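A short write-up of the structure that comes next.
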Amino acid sequence: MSDSTTIDANEPSTLEAWQARRDGIIAPAWAGRALLAIAVGHLLAAVVFFFAFNWAAMAPMTKLGVIGTGITLGVGIFIFRPAGDLAGHIGAMVATVLTGTLFAVIGQIYQTGADAWQLFAAWAALSLPFVLIARHPAHWLIWLVIAHVAATIFAGQYAIPLDWVSREGALTIIGLIGAAIFFTTVHAPRFIPFWPKAPLWLACLMALSALGYLGTVTLGLIWSFRDHGDSAAAWIGAGSFIGLGIVFALFFRRRHNFAIASLGGATLALATGMLAARLIFDDSLGGVDEILPRLIVMTLCGLGLVVAYATWVKRQWAQMKGISQEATE
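Numbering (the working numbering), first residue to last: -4 to 324.
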């Protein structure tokens, strides 16, 4: 049986079928969503510019009333639109975004003295019901960004300066939370019936977030090992960084998830490159004396890693493509 996912140029009927699918289903749906997203973006920008231009002339209750009206309209659109309707989801997202704007305006009008992390934490807490009810990936992403900003500001302004946690510890904790969210988005639908399946782009973003924080800890550990502040947290972060790379490269390869598997391979290649650079450029570890030979050796190591990673990715792609073609036959 031929592969149903390929197009045979010698069969006009096949080309016509794919053209009809593209023109009749894919293009209108994509265009409708794109135009709706652009319209919502312009609407939110109009609200922001309206406040910026008329801020001094507006009464306090007018400011609060405009934002409250926007939140009410967003929630109303979500409630009265059919379940799963894109316009309804966008209405809920607008309500979530304007909730943060409402907190900012309240703080400016009444000079509450609240810190930035408290604003974002309250924003995340009050918008969480919208997210749980809507259960839309883009809405989850907005909420995760808000919660992430709250945690980052709190760590930078309070937890680290007050020595509640070290810089390495804070980065490791945030990175591990991102990894936990990633695995939850991937595996929760298998155990929770009503939990929606996360799209690949959201899973990749959460994986990149976790690897970014843990990779920063790994880089700091490799390049400042002798005078490192919190070596225990740094070792945990570096171990988690490499461990995630191995899990992504092996486990998601078996699940035929090319994007996550290739991301894991890139993580391992990056960790190897960090360690190689440290060994080459550090005299105390037996590095080369002159800078030019060091650069040459590092360049060769980098090229070798790139070639090895590209070869591995190409092989994984060929294997996964072959498996997917066999499954369609």
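Every residue, glycine too, gets a C-beta built ideally from N, C-alpha and C.
Since the structure is predicted, the reported quantities are computational estimates derived from the model, not experimental observations.
DSSP state of residue i mapped onto helix, strand, coil
i	result
GLN314	helix
ALA109	coil
MET53	coil
LYS192	coil
LEU157	coil
HIS131	coil
ARG76	coil
SER219	coil
ILE187	coil
Top-ranked residue by Cα proximity to residue i, from the options
i	options	result
VAL242	SER257, ALA228, ALA150, HIS84	SER257
ALA119	GLN106, ILE104, PHE98, ILE33	PHE98
LEU274	MET88, GLY232, LEU290	LEU290
ALA142	LEU121, PRO55, ALA129	LEU121
LYS192	LEU200, LEU239, PHE149, HIS182	HIS182
SER204	TYR153, MET56, LEU139	LEU139
PHE73	HIS134, ALA51, ALA26, PHE45	HIS134
PHE115	LEU93, TYR105, LEU287	LEU93
With 16 other Cβ atoms within 10 Å as the buried cut-off, status of residue i
i	result
LEU157	exposed
VAL126	buried
LYS58	buried
ASN252	buried
PHE149	buried
ALA175	exposed
MET201	buried
THR262	buried
ILE89	Here residue 89 turns out to be Val, not Ile, going by the sequence shown. Label assigned to VAL89: buried.
THR64	exposed
THR180	buried
CB contact flag (residue i, residue j, <8 Å)
i	j	result
THR211	ALA266	no
THR96	ILE62	yes
SER235	GLY170	yes
GLY325	GLY60	With the chain covering -4 to 324 only, the question about residue 325 has no answer from this structure.
GLY238	ALA229	no
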